[in-house]
Amino acid sequence: MRIVFIGPPGAGKGTQAVRVAQSLNVPQMSTGEVLREARSQGDKLGIEAGTYLDAGQLVPDETVVQLVADRLSAVDCGAGYLFDGFPRTLNQAEQLDRLLANHGAPLDAAIEFVIPQDELFERLWKRGRSDDKEETIRKRLQSYADLTTPLAAYYGKRNLLGQVDAVGTQDEVFDRLMAALSKLRGTS
Ligand code: AMP
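Its first residue numbered 1, the sequence shown is counted upward by one per residue in my numbering.
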């Protein structure tokens, strides 16, 4: 199954992406994770991405699209995949569609994690990652609202959207995700 996870920072996408990918036996890729790893290694990508990560801004579309294109061409993506935190802009979503057209199989599901803003702020504040500072958190939530929320309509129009309530225990959210995915699988 070919899946993307969309959701604001702090919604629990990363944790759930690992669980869902394991359960469906597909590879998972978090663009945020790859960028943080690159930064800690100090390579060219990491140096470029670091400035954006620290500022709570999105890394340029072409950089992340390239990461995804490389990942998609790996043999293990044949049976499906789960992208966590990608796409994050309409332009990225359109470029992903173009890439997938070349790979012969369109997406099956775009899952949006739904969660109130005040709950998010508290979660991020507690998490304490290096980009979880007050000013950066605010910027990331704003950039989500401005640039990423339009994706719900983009996928909704094509009946690919599953909206999942991300408030609850990890097990509760996992069960909701699996239910949303099986509903979408049934319609694709
Ligand atoms: P995440 O771990 O998904 O919260 O991502 C952490 C940071 O990585 C974001 O605040 C962005 O700076 C960058 N990032 C991750 N995914 C993307 C993406 N699809 N497009 C642009 N920037 C991204």
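The beta carbon of each residue, even a glycine, is placed where N, CA and C say it ideally should be.
What residue range does the alpha helix (DSSP H) around residue i cover?
| i | result |
| --- | --- |
| A93 | L90 to H103 |
| V20 | K13 to L24 |
| V59 | No alpha helix (DSSP H) contains V59, which DSSP labels as neither H nor E. |
Should residue i be listed as close to the ligand AMP, given that the test is whether its C-beta is under 7 Å from any heavy atom?
| i | result |
| --- | --- |
| Y52 | yes |
| D131 | yes |
| P150 | no |
| L35 | yes |
| F86 | yes |
| T31 | yes |
| V59 | yes |
| V64 | yes |
Between the alpha carbons of residue i and residue j, how many angstroms are there, rounded?
| i | j | result |
| --- | --- | --- |
| M1 | A21 | 10 Å |
| L160 | A110 | 6 Å |
| L90 | F174 | 26 Å |
| P87 | D70 | 15 Å |
For residue i, which residues does DSSP report across the bridge?
| i | result |
| --- | --- |
| M29 | F83 |
Going by DSSP, what residue range makes up the beta strand (DSSP E) through residue i?
| i | result |
| --- | --- |
| G162 | L161 to D165 |
| V114 | A109 to V114 |
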